[in-house]
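Data block below; observations after.
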Amino acid sequence: MNVHEVLEKFILKEFVVDSDTNITADTDLLMQGIIDSMGIIKLVNFMEEEFGIKVGDIDMVPENFQNINSLAEFIKSRQ
Amino acid sequence: MDFALDQTQIAFKNMIIKFAQKELNANMQERDRKAEFNWNGWKKISQQSIFGLPVSEEYGGVGADIITTILTMEGLGYGCEDNGLIFAINSHMWSCIIPIMEFASEEQKKKYLPKLCKGELIGGHAMTEPDSGSDAFSIRTTAVKKDGKYILNGEKTFITNAPIADLLIVFAVTDKNSGFAGISGFIVEKGTPGLTISKDMEKMGLKTGPLGYLVFDNCEVPEENLLGREGAGAAIFNSEMEWERSCLFACHVGVMERLMEQSIHYAKHREQFGKPIAKYQSVSHKIADMKVKIELSKLILYKIGWLKMQGKKGNIETAIAKLFVSEAFVQTAMDAIQIHGANGYMAEYPFERMLRDSIASTIYSGSSQIQKNIIASLLGL
């Protein structure tokens with residue numbers, strides 16, 4: 001699986017309650033309330049473990065976590 | 001994991017214990033009764049390089065590692081009987097200095113950090129509102145950008161240091177559609193037009209620690225006072241909470257250690273039915289429980305320090321520490337009163353004040369129930 005697919009699988013498993021919900025690489029995870037303040041901590045822990053990157057507090061801003069595309073871009077910039 | 005403490009760290013802790021015992025405890029009962037902030041103590045501790053412990057020397061700090069910082073705060077709690085002053089110091093450090101250190105621009109760091117480290121400026125932060133407490137990110141205070149300024153409107157309550165603060169990190173909504181990601185942090189100075197600060201609020205304990213209410217009525221904050229980027233508010237808040245939940249609670253471990261030693265001394269010298277009360281298991285077991293709580297508190301706090309020094313996150317450990325230490329603090333204060341009997345209940349002794357001061361620790365920085373929510377959530381529940 002590529003980075004996008006890994007992220008999508010994790011987000012669907014951890015944060016999406018409704019099994020019929022689909023998310024795309026552009027789905028706004030923040031505005032749609034898919035990731036909340038606790039969710040972002042879980043997502044960061046996952047990203048650090050899965051992709052071997054460090055995510056600083058200063059990195060936890062909307063532009064890095066808006067959607068799967070921005071998450072993948074951020075991960076790429078840190079690898 | 002290696003928690004071995006070196007001589008410099010131990011010396012730093014011992015230095016602050018001696019300083020606090022000598023300089024911070026005068027007229028404690030009277031100040032508590034009158035709910036007076038210890039301005040003299042603030043000035044004296046400002047000269048001890050404590051405020052700038054985690055800040056790099058470039059900005060007027062000490063550049064100490066986090067284990068040294070935790071140990072020093074432990075020493076402060078052990079030596080200083082003024083929990084209100086301790087609370088004010090911690091708010092200044094973790095909810096104002098730390099966010100500026102971690103998120104501010106170079107200009108902001110140079111402008112504020114040296115004076116904050118010297119205690120010439122007093123800081124705090126403003127998150128809680130009349131309708132948002134545990135649900136911290138449901139705040140309603142707004143910040144609208146207009147003509148090079150942010151216009152803030154809203155109310156904040158239970159703000160530590162507000163009546164004495166020179167600047168506050170204020171959290172406000174800049175994008176109402178993005179939930180927690182639409183919150184931003186601002187450095188707001190005392191005297192900013194449109195900001196009203198209340199007098200000290202009366203409370204059960206921590207009476208010597210000022211607490212206030214803020215009203216923002218078209219409060220004009222210069223654009224350059226945005227802290228970090230727009231939308232960084234949640235990251236700023238989470239970051240400062242991690243520091244507070246370890247370092248402030250290290251002070252409480254110091255208090256618990258003092259309470260245990262006082263209880264041991266009393267139990268060995270107080271005789272009933274022909275022998276010291278320490279010889280009764282109902283008393284000695286309470287003291288044994290105190291020791292267990294203190295040791296486990298230290299271990300979890302040092303583990304957080306170790307994790308941070310390794311560049312690792314300690315989300316679940318921080319929640320565990322906050323929950324465990326605060327509950328242990330209240331129980332230790334309760335047990336200290338019980339061991340001291342009627343004396344423990346009297347205002348002449350410090351134990352009833354320690355109990356009053358301890359109770360808020362299970363509420364501020366996220367209540368015990370919220371810590372359990374965090375732990376459960378991080379366990380995937």
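Here the protein sequences come in this chain order: A and B.
Residue 16 in the working numbering sits at position 16 of the first sequence; the count goes up by one each step and never skips.
Residue 83 in the working numbering sits at position 83 of the second sequence; the count goes up by one each step and never skips.
Virtual Cβ for every residue (Gly too), placed ideally from N, Cα, C.
Remember, predicted model here, so these are calculated numbers, not experimental data.
DSSP, read as helix, strand or coil, puts B:Y280 in coil.
Between the alpha carbons of B:E23 and A:Q79 lies a gap of roughly 51 Å.
Assigned with DSSP and collapsed to three states, A:V55 falls in coil, not helix or strand. Taking a Cβ-Cβ threshold of 7 Å, none of the residues of chain B is close to A:V17; the smallest such distance is about 14 Å.
In the DSSP assignment, B:P222 falls outside any alpha helix (DSSP H) and lies within the beta strand (DSSP E) extending over 211 to 222. Closest by C-alpha distance to B:S358, out of B:I277, B:Y266, B:K203, B:V221, is B:K203. A check of alpha carbon separations from B:G60 across B:I236, B:V330, B:E120 identifies B:E120 as the nearest.
Counted as a single uninterrupted DSSP element, the alpha helix (DSSP H) harbouring B:I45 occupies residues 39 to 46. Three or more beta-carbon pairs separated by less than 8 Å are not found between the stretch 278 to 286 of chain B and the stretch 8 to 25 of chain A, which leaves the two stretches without contact.
Counting other Cβ atoms within 10 Å of its Cβ, B:M127 reaches 16 or more and is therefore classed as buried. Cα atoms of B:K43 and B:G380: separation of roughly 47 Å, rounded to the nearest angstrom.
Think of a sphere of 8 Å around the beta carbon of B:F103: the chain A residues whose beta carbon falls inside it are D57, I58, in chain order. For A:N45, at least one C-beta of chain B is nearer than 8 Å to its own C-beta. When beta bridges are read from the DSSP output, B:Q371 appears opposite no residue.
Our two residues, B:M260 and B:G274, have alpha carbons roughly 23 Å apart in a direct line. The beta carbon of B:S56 is closer than 7 Å to those of G63 in its chain, skipping five residues each way along the sequence. Proximity of the stretch 136 to 149 of chain B to the stretch 211 to 222 of chain B meets the contact definition, three or more beta-carbon pairs being nearer than 8 Å. Residues of chain A with a Cβ closer than 7 Å to the Cβ of B:R229 are, in chain order, V61. At least 8 Å separates the beta-carbon of B:G84 from that of B:K286. The residues M1, D2, F3, I67, in chain order, have a CB closer than 8 Å to that of B:W306 in the same chain once the five nearest residues on each side in sequence are set aside. Considered as a whole, the stretch 269 to 332 of chain B harbours 281 to 309 as its complete alpha helix (DSSP H) runs of no fewer than 4 residues, in chain order.
Taking the beta carbon of B:L378 as reference, the chain A residues within 9 Å of it are M38, I41, K42, N45, listed in sequence order.
Three or more beta-carbon pairs separated by less than 8 Å link the stretch 233 to 241 of chain B to the stretch 176 to 185 of chain B, which places the two stretches in contact. Contiguous beta strand (DSSP E) elements confined to the stretch 63 to 141 of chain B occur at 123 to 126, taking only those with 3 or more residues. The straight-line gap separating the alpha-carbon atoms of B:L248 and B:E102 is approximately 18 Å.
In the DSSP assignment, B:K190 falls outside any beta strand (DSSP E) and carries neither an H nor an E.
For the stretch 173 to 190 of chain B, the set of residues with a beta-carbon nearer than 7 Å to any beta-carbon of chain A comprises N177, S178, G179, F180, A181, in chain order. Interface criterion not met: the Cβ of B:N27 is under 8 Å from no Cβ in chain A.
For B:K156, there is no enclosing alpha helix (DSSP H); the residue is part of the beta strand (DSSP E) that begins and ends at 149 to 160. In this structure B:I304 is not in contact with B:I375, their Cβ atoms being roughly 14 Å apart against a cut-off of 8 Å. Shown here for A:K76: same chain residues with a beta carbon closer than 8 Å to its own, the five before and five after excluded, namely V3 in chain order. When the five nearest sequence neighbours on each side are left out, the beta carbons in the same chain lying within less than 8 Å of the beta carbon of B:G344 are those of A336, I337, Q338, F351, E352, in order along the chain. Within the same chain, Cβ atoms closer than 8 Å to the Cβ of B:S134 are found at G366, S367, Q369, I370, the five residues on either side in sequence being excluded. Inter-residue distance for B:Q7 and B:T196 is about 47 Å (C-alpha atoms, whole angstroms). In chain B, no part has a C-beta under 8 Å from the C-beta of A:M1; the shortest such distance is about 20 Å. For B:A172, the beta-bridge partners assigned by DSSP are B:S184.
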